[in-house]
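Undergrad:
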Amino acid sequence: MSVIQKLRSKTGITTIFIGVALLAFVITGLDPQMFSSITGNENVIAEIKGEKYPYEAYYEMLERLQQQLDGNASEMQQQGVYSRAWDAFIARNVYDDTYEKIGIGIFNPWLSIIGISSSEFEDIMIGDNIAPEVYNADIFKNPDTRQFDKDILLQTLANLSSIREQYPDFYMEWLNFETGMHQKVLETKLNTIVSKAMYPTALEIEMAIAEESKQNTIEFIKIDYNSIADSLVTITDKEIAAYYEAHKKDKKFMREDDAVTIEYVSFAINPTAEDIRNTEIHTANLRDGFINARNIQSFLNINSDIKFDPTYYKKGVLPEVIDDFAFSQAIDSTTDMYLENNMYKIAKISDIRYASDSARARHILLIGEDAMQKADSLQKVLTNKEANFTDLVRMYSADSASIPLGGVIDWFYEGQMVQPFQDTCFFGERGKFYITPTQYGVHIIEILNQGPKSKRVQVQYLAREIQYSTDTRKAVYSEAVNFASKNETKEQFDISIAENNTLVKRIAENVTPNQRFISGISDSRDLIRWAHDSKNARGVVSDIFTCGDAFVVAVVTETFKKGTKTLAQVKDEIQSIIRIEKKQAYITNIINNNAGEKTLQAIGELFNVTPIVSNTITFASVTAQNIGKEPKVIGTATNLEVGTMSSIILGETGVYMLVVTDSKTVETDAEQKEMRMASSKSMKIINNIFPYLKEKANIVDNRLRFL
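So in my numbering, spot 142 of the sequence shown is number 207, and the numbers just go up one at a time.
1) Rounded to the nearest angstrom, what separates ILE69 and ASN224 at their Cα positions?
2) Hey, how far is the Cα of ASP464 from the Cα of LEU430?
3) Quick check on GLN481: buried or exposed, where buried means 16 or more other Cβ atoms within 10 Å of its Cβ?
4) Exposed or buried, what is SER561 when buried is set at 16 or more other beta-carbons lying within 10 Å of its beta-carbon?
5) Once DSSP output is grouped into helix, strand and coil, what is the label at PRO756?
6) What is the C-beta distance between PRO756 and THR537, in whole angstroms, given that I count them as a contact (C-beta under 8 Å)?
7) Would you identify the three-state DSSP class for SER74, choosing helix, strand or coil?
8) How would you label PHE172, buried or exposed, when you count the other beta carbons within 10 angstroms and need 16 or more for buried?
9) Just the Cα atoms here: how many angstroms apart are LYS261 and SER747?
10) Where does VAL483 land, buried or exposed, given buried means 16+ other C-beta within 10 angstroms?
11) Over the uninterrupted alpha helix (DSSP H) stretch that includes LYS245, give me the two end residues.
12) As an exercise, report each continuous alpha helix (DSSP H) stretch of at least 4 residues that is fully enclosed by the segment 431 to 501, in chain order.
13) Do you know how far the Cα of VAL576 is from the Cα of ARG149?
14) Within the same chain, show all residues whose beta-carbon is closer than 6 Å to that of GLN690, passing over the 5 residues directly before and after it, in chain order.
15) When you compare only the Cα positions, how much space is there between LYS34 and ILE191?
16) Touching or not, the segment 661 to 681 and the segment 323 to 342, by the rule of three or more beta carbon pairs under 8 Å?
17) Starting from SER543, trace the alpha helix (DSSP H) in both directions and tell me its first and last residue.
18) When the Cα atoms are used, what is the spatial distance from LEU218 to HIS247?
19) When the Cβ atoms of the segment 312 to 321 are set against those of the segment 620 to 634, are three or more pairs found closer than 8 Å?
20) Give me, in chain order, the residues of the same chain whose beta-carbon lies closer than 6 Å to that of VAL473; leave out the 5 immediate sequence neighbours on both sides.
21) Applying the 10 Å Cβ sphere with the 16-neighbour rule, what's the burial state of ASP161?
22) With a CB to CB cut of under 6 Å and the five nearest residues on each side skipped, what residues in its chain are close to ASP422?
23) Are ALA424 and ARG521 touching if we call contact CB-CB under 8 Å?
24) By Cβ distance below 7 Å, which residues in the same chain neighbour LYS372 in space, the five residues on each side in sequence not counted?
25) For the putative contact between ARG352 and ILE411, defined by C-beta atoms under 8 Å, what is the C-beta separation to the nearest angstrom?
26) For the segment 352 to 419, which segments carrying the alpha helix (DSSP H) assignment without a break, of at least 4 residues, lie completely within its bounds, in sequence order?
27) How big is the Cα-Cα spacing for GLU717 and GLU695?
28) Can you look up THR282 in the DSSP assignment and give me helix, strand or coil?
29) Could you check if GLU511 is buried or exposed, using at least 16 other CB atoms within 10 Å of its CB as the buried criterion?
30) How big is the Cα-Cα spacing for ARG590 and VAL724?
31) With respect to the alpha helix (DSSP H) encompassing ASN774, which residues constitute its N-terminal and C-terminal limits?
32) Can you give the Cα-Cα distance for LEU470 and ILE195, rounded to whole angstroms?
33) Out of LYS249, ASN158 and ALA156, point me to the one whose CA is closest to GLU185's CA.
34) Please say whether MET742 and GLU269 have beta carbons closer to each other than 8 Å?
35) Just the C-alpha distance for LEU127 and ASN158, rounded to the nearest angstrom, thanks.
36) Please classify ASN753 as buried or exposed, where buried requires at least 16 other C-beta atoms within 10 Å of its C-beta.
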């Protein structure tokens, strides 16, 4: 199949190149000076290494990613796009600076980016070291062998000028692909340079082998902290304050971003019984028009929430009930009205045809303003047998890659060609010449062969979604207005909720400035921006927010600044830590006060626990059988001699004591171990390159102003 034919496939190049195209966002340099006509700090969305970047610089990145989103993307998926766009925007700028400083990239005037040399690019595209992204792209595969075909790639490169004029969208995606390949090589270079600086030494390898070769089996007892009643330990405010002062700079007590706690009530706008009944009546009233419509497509496009569907379905594809109906009744048959997915529906068989699921055809692609007129003329010539199809392909077809094949498109199946082309070949008759317009031009098609034909049905739905009426919306809005107008303070807010048992107060905690939504509230970005606006005092009730199919009234109850959390914010967490420490002391005292007990069995009886076995523990183990992730226990278990009882071990989830019952040595492949260690070190440092560069860039994030 030719390149042009592949461009018509429904999957398109976007799917093929999406991974590499995303990399292009990281390298495509958006010079902040591009937007120099926009002045003032109010339009600055970010500062990176002291350089100010306007909102438009980020928005261009965001817009590209949003174009790849499915129309039914969830709010969480949309949130992910905003986050990925931001990371790509930051990465693009910090990486470019790094590439220039260490001298691994050069300016590419064709793409206006920091990239690789032309010889390097040629090598990864068509040379001896073709990149996997190129080699594995479906668009460059031979349709018969499904293997990479360099000739198809060369045809694409040779046709770039005409592709730019005829298929501008594809051309732009191709430029993104090229840019992404530059980025891929530069990123690989940087990763290689940095990772080569980290390698396991001979001593590290020797130690690692020793850690893995000794395998111990143990018996242990565990006194779980949860088995000790909280009432047995006492914690004072003074102890909590002292712990806070000693540990407040610990990472666990640091907040990475500002945050707020919001309390809110939601007034849901739901269809009333009257709304539901009106929808049912309205659908029933349209039934006769649906049955008798001469132009069913126009009727549905005007009257139905499900528009005309031109698809012809095979048996077994439609929902079971409709499938049984469609393949047992005649054209124009209809179902009774039924309720499904919040819609009242009536189904109708609009057509029945027989079609193949595969075909082999040849075509002439005509483009330009006179394409249809030219197609009419050529169709007459072919029908009258006044010319040879292959000769006309050579003379007129715009699909240059298929010209050597006489315009032939070998066997293709459902979904491999755009719908109009596919329908002509699957529903048409062999030996006839069809004129078929598509978004790529006008095709003259001759069907050469077809697979077996089977029954297909076209089913239409008259459907009306149950929705709330304007009157219903007004009534709910009035209820929200009444609530908001009576409550200006947090105290009034709480009293009104307590007095109205139809209202439920909900709480959204740790809401950060760049969050796109609050769980349970649709379209809640405006609410989040309001909550973080410095002009909105804590404890002041908001105006009404329209959030999807609900009205929301909220109040900010707590605000938290980036940096060290306050004692009040971490008091419960510190209390839990101190409680465990005191339980450790409690358990330890009991064991020490019964020092005469010399066996695990005897010590365990003090706490009603019995010894448990754990096998194959090495010093390198992360977890252990029947124990889990307990570093202190694992470390002790691998450093004791057989028959020796450990001292008290203060673990993460309990107090342990153990005895090593068996020990053996196993051989480890030194070469394989070195390779694994080198790979692990490389991956660790590679994964930390961007976070490190990001941290050193002194980024000022102003997204809250704009989004």
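Each residue gets a CB set at the ideal place from its N, CA and C atoms; glycine is no exception.
Computed from a predicted model, the values in this text were never measured in an experiment.
TA: Taking the definition as stated:
1) Walking along the sequence shown from the start, residue 69 turns up at place 4. Walking along the sequence shown from the start, residue 224 turns up at place 159. Only weak support exists for where ILE69 lies, its pLDDT of 42 falling under 50; the value from the coordinates is given anyway. Rounded to the nearest angstrom, the two C-alpha atoms are 10 Å apart.
2) Looking up residue 464 in the sequence shown gives position 399. Looking up residue 430 in the sequence shown gives position 365. The straight-line gap from Cα to Cα measures roughly 6 Å.
3) For the purposes of this step, residue 481 is identified with residue 416 of the sequence shown, where counting begins at 1. Burial call: buried.
4) Locating residue 561 in the sequence shown gives position 496, counting from the first residue. Classification for SER561: buried.
5) Your numbering for residue 756 matches position 691 in the sequence shown. Helix.
6) By one-based count along the sequence shown, residue 756 stands at place 691. By one-based count along the sequence shown, residue 537 stands at place 472. Rounded, the Cβ-Cβ distance is 50 Å, inconsistent with contact.
7) Mapped onto the sequence shown, residue 74 falls at position 9. Confidence at SER74 is low in this model, with a pLDDT of 43, below 50, so its placement is unreliable and the value that follows should be read with caution. Coil.
8) In the sequence shown, the residue the question calls residue 172 occupies position 107. Result: exposed.
9) Walking along the sequence shown from the start, residue 261 turns up at place 196. Walking along the sequence shown from the start, residue 747 turns up at place 682. LYS261 and SER747: Cα-Cα distance of roughly 8 Å.
10) Here the question's residue 483 lines up with position 418 in the sequence shown. Answer is buried; the Cβ neighbour count reaches 16.
11) Within the sequence shown, the letter at position 180 stands for residue 245. According to the sequence displayed, residue 245 carries Gly and not Lys. Segment 233 to 261, the alpha helix (DSSP H) holding GLY245.
12) 436 to 448, 454 to 461 and 484 to 492
13) The residue given as residue 149 occupies position 84 in the sequence shown. The residue given as residue 576 occupies position 511 in the sequence shown. Approximately 19 Å, taken between the alpha carbons.
14) Counting from one through the sequence shown, the residue named residue 690 turns up at place 625. Correct list, in chain order: SER679 and ASN680.
15) With the chain covering only 66 through 772, there is no way to say anything about residue 34.
16) no
17) On the sequence shown, position 478 is the one that residue 543 refers to. Segment 535 to 551, the alpha helix (DSSP H) holding SER543.
18) Mapped onto the sequence shown, residue 218 falls at position 153. Mapped onto the sequence shown, residue 247 falls at position 182. Whole-angstrom Cα-Cα distance: 18 Å.
19) yes
20) As a first step, residue 473 is located in the sequence shown; it is residue number 408 there, counting from the start. Closer than 6 Å at the Cβ level, and outside the excluded window around VAL473, lie ARG427.
21) Counted from its first residue, the sequence shown places residue 161 at position 96. Per the 10 Å Cβ criterion, buried.
22) Stepping through the sequence shown from its first residue, residue 422 is reached at position 357. Closer than 6 Å at the Cβ level, and outside the excluded window around ASP422, lie GLU479 and GLY516.
23) As a working mapping, residue 424 is identified with position 359 in the sequence shown. As a working mapping, residue 521 is identified with position 456 in the sequence shown. Result no, Cβ atoms of ALA424 and ARG521 do not sit closer than 8 Å.
24) Here the question's residue 372 lines up with position 307 in the sequence shown. Excluding positions up to five away in sequence, the list reads LEU365 and ASN366.
25) As a working mapping, residue 352 is identified with position 287 in the sequence shown. As a working mapping, residue 411 is identified with position 346 in the sequence shown. Yes, they are in contact, since the Cβ atoms of ARG352 and ILE411 sit about 6 Å apart, within 8 Å.
26) 361 to 368 and 385 to 391
27) For the purposes of this step, residue 717 is identified with residue 652 of the sequence shown, where counting begins at 1. For the purposes of this step, residue 695 is identified with residue 630 of the sequence shown, where counting begins at 1. Distance between the alpha carbons of GLU717 and GLU695 is about 6 Å.
28) Here residue 282 refers to the residue found at position 217 when the sequence shown is read from its first residue. In this structure, THR282 counts as strand in the three-state DSSP scheme.
29) Counting from 1 along the sequence shown, the entry for residue 511 is found at position 446. By the 10 Å Cβ count, GLU511 comes out buried.
30) On the sequence shown, position 525 is the one that residue 590 refers to. On the sequence shown, position 659 is the one that residue 724 refers to. C-alpha separation (whole angstroms): 58 Å.
31) No answer is possible for residue 774: it lies beyond the span of the chain, which begins at 66 and ends at 772.
32) Here residue 470 is taken as the residue at index 405 of the sequence shown, counted from 1. Here residue 195 is taken as the residue at index 130 of the sequence shown, counted from 1. Looking at the two C-alpha atoms, the distance is approximately 27 Å.
33) Stepping through the sequence shown from its first residue, residue 185 is reached at position 120. That would be LYS249, whose Cα lies nearest to the Cα of GLU185.
34) One-based indexing of the sequence shown puts residue 269 at position 204. One-based indexing of the sequence shown puts residue 742 at position 677. Going by C-beta atoms, GLU269 is nearer than 8 Å to MET742.
35) Position 62 of the sequence shown, counting from 1, holds the residue named residue 127. Position 93 of the sequence shown, counting from 1, holds the residue named residue 158. Rounded to the nearest angstrom, the two C-alpha atoms are 15 Å apart.
36) Locating residue 753 in the sequence shown gives position 688, counting from the first residue. Counting Cβ neighbours within 10 Å, ASN753 comes out exposed, since fewer than 16 surround it.
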